[in-house]
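Residue numbers (full-length UniProt numbering): 6 to 445.
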Ligand code: GDP
Ligand code: MG
């Protein structure tokens with residue numbers, strides 16, 4: 006979905022004069038892409054009308070940044086689609102809440118239950134986990150392991166086969182123990198089948214959850230709408246969590262899940278570990294969907310690694326128009342504290358070659374190599390905001406000086422150009438929008 010939308014916008018970018026016809030073509034392309042991702046037709050139709058209303062062609066003809074107006078309209082419409090206009094139940098520490106997780110087997114329920122519990126535990130809640138999955142062999146062990154690691158009380162059984170009975174026992178017990186957030190993990194089976202939905206209905210009826218969270222694997226693509234709808238029809242789904250956002254999927258299915266459940270996405274899962282769990286941010290998500298990379302997320306991460314006193318300097322340097330080699334050098338240096346996977350998965354166009362999955366070690370070595378090469382450059386080269394093309398003989402000298410080969414120098418410069426483009430975008434965007442206030 007992201008690819009097709011980006012493609013449509015790019016096509017638009019190549020058209021110098023934007024008239025009604027090219028706008029329509031662009032919108033049709035996006036409409037087809039959204040429909041093929043099972044986003045409901047009325048929603049897409051709505052989006053199309055809204056964009057046409059926002060984008061006044063006469064304004065466009067007069068104004069200067071036509072592409073930006075259209076891109077922003079698409080952007081804000083997609084954000085709108087992710088907002089069902091309904092607030093979600095949030096647990097309170099003053100009164101025990103029951104939260105039930107539903108979703109197909111493998112979606113990530115058990116993992117996400119623990120992440121959700123852990124997230125709230127860090128905020129001072131007293132969570133507890135109940136394993137009402139009596140279908141999958143080892144389900145209780147898995148939950149037990151996760152819970153033990155996070156020091157969260159748990160309840161389940163190896164022998165009882167009635168999920169409703171366990172769910173009720175668990176919820177009752179933890180209410181008595183004054184837990185304020187009781188989380189019920191359920192079974193998923195491998196297919197959407199009537200008996201599963203009946204089971205969900207019964208567990209919900211017996212435990213009366215304050216919130217039912219539908220967990221969806223971001224990579225299921227086309228199946229998202231039907232799957233979400235099927236769960237919504239048997240239990241009162243009130244929120245969505247999208248998992249495995251660390252993988253290749255951009256998560257277009259989230260639009261469908263929101264449309265089908267009329268509920269907001271509240272968190273995303275970004276890894277197998279307990280703390281790889283982020284509060285959902287529509288803007289960040291849509292940026293990623295559109296292939297722009299996660300700029301605001303990136304800035305947050307930079308904030309975490311760039312010392313406070315250097316942050317303003319960095320922003321200043323960037324806003325002066327220059328992403329210099331030296332800035333890249335400094336960034337590489339600060340990044341040595343950061344799991345690279347995290348940072349690089351956020352930079353558009355880079356992750357694939359600089360940061361292939363499972364090659365973090367090599368990538369770190371590569372970055373170190375780049376830094377060695379930069380050590381052999383002159384201050385002038387490092388500080389130029391528009392480094393001139395390096396001649397072959399100059400590259401050979403740099404390679405020799407750093408004990409590397411010319412192809413590695415070229416590779417480093419190529420990486421620099423990509424990053425410069427990315428940061429150029431930050432600069433091109435309104436700085437105050439792209440960066441959090443504390444960095445300005
Ligand atoms: P369940 O059947 O719905 O309970 O799913 P599980 O919680 O057992 O998860 C299925 C698999 O997906 C496990 O191997 C998890 O480690 C993995 N998983 C869950 N969430 C994520 C995520 O956000 N990212 C990644 N990479 N893996 C995940
Ligand atoms: Mg499970």
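Virtual Cβ for every residue (Gly too), placed ideally from N, Cα, C.
Determine the DSSP secondary structure at residue i, reduced to helix, strand or coil.
i	result
residue 285	coil
residue 425	helix
residue 303	Low local confidence applies: a pLDDT of 47 at residue 303 is under 50, so the model's placement there is unreliable, and no value is given.
residue 160	strand
residue 87	coil
residue 230	helix
residue 270	strand
residue 137	strand
residue 254	coil
residue 113	coil
residue 377	helix
residue 93	coil
residue 354	Its pLDDT being 41, under 50, residue 354 is placed unreliably in this model, and the value from its coordinates should be taken loosely. In the structure shown, residue 354 sits in coil (DSSP, three-state: anything other than H, G, I, E or B).
residue 371	helix
residue 411	helix
residue 261	helix
residue 400	helix
residue 119	helix
residue 69	Note that residue 69 scores a pLDDT of 48, beneath 50, so its modelled location is shaky; the value from the coordinates is reported in the next line. The answer is coil: DSSP assigns residue 69 none of H, G, I, E or B.
residue 25	helix
residue 406	helix
residue 52	helix
residue 383	coil
residue 292	helix
residue 36	helix
residue 82	helix
residue 98	coil
residue 416	helix
residue 194	coil
residue 30	helix
residue 389	coil
residue 328	coil
Considering just the uninterrupted stretch of the beta strand (DSSP E) at residue i, what are its terminal residues?
i	result
residue 102	102-107
residue 130	No beta strand (DSSP E) holds residue 130; DSSP gives it neither H nor E.
residue 248	242-248
residue 219	216-222
residue 191	186-191
Rounded to the nearest angstrom, how far is the Cβ of residue i from that of residue j, given a contact under 8 Å?
i	j	result
residue 245	residue 268	6 Å
residue 270	residue 285	4 Å
residue 394	residue 403	With a Cβ gap of about 13 Å, residue 394 and residue 403 do not count as contacting.
residue 202	residue 133	With 8 Å as the limit, residue 202 and residue 133 do not qualify as a contact, their Cβ atoms being about 26 Å apart.
residue 280	residue 112	The pair is not a contact, with the Cβ atoms about 20 Å apart (cut-off 8 Å).
residue 216	residue 243	5 Å
residue 212	residue 176	5 Å
residue 84	residue 371	Not really, about 36 Å apart at Cβ, beyond 8 Å.
residue 417	residue 375	4 Å
residue 80	residue 291	6 Å
residue 387	residue 330	5 Å
residue 229	residue 258	3 Å
residue 145	residue 123	With 8 Å as the limit, residue 145 and residue 123 do not qualify as a contact, their Cβ atoms being about 19 Å apart.
residue 451	residue 265	Summary: the structure shown does not reach residue 451, with the chain confined to residues 6 through 445, and so no result is reported for it.
How far does the alpha helix (DSSP H) with residue i in it extend, from its first residue to its last?
i	result
residue 394	Unbroken run through residue 394: none, as it is neither H nor E.
residue 170	168-181
residue 279	Run containing residue 279: none; DSSP gives neither H nor E here.
residue 204	199-212
residue 153	144-154
Quiz item: How do the stretch 245-256 and the stretch 139-158 stand: do at least 3 beta-carbon pairs fall below 8 Å, yes or no?
Solution: no
Quiz item: Contact between the stretch 182-192 and the stretch 116-129: three or more CB pairs below 8 Å?
Solution: yes
Quiz item: For the stretch 165-179 against the stretch 79-94, are there 3 or more C-beta pairs whose distance is under 8 Å?
Solution: no
Quiz prompt | Inter-stretch contact at 8 Å, needing at least 3 Cβ pairs: the stretch 102-109 / the stretch 201-221 | solution = yes
Quiz item: Which residues count as close to the ligand MG when the rule is a CB under 5 Å from any of its heavy atoms, in chain order?
Solution: 114 and 115
Practice problem: Check whether the stretch 149-164 touches the stretch 178-187, taking contact to mean three or more Cβ pairs, one atom from each stretch, closer than 8 Å. | Solution: yes
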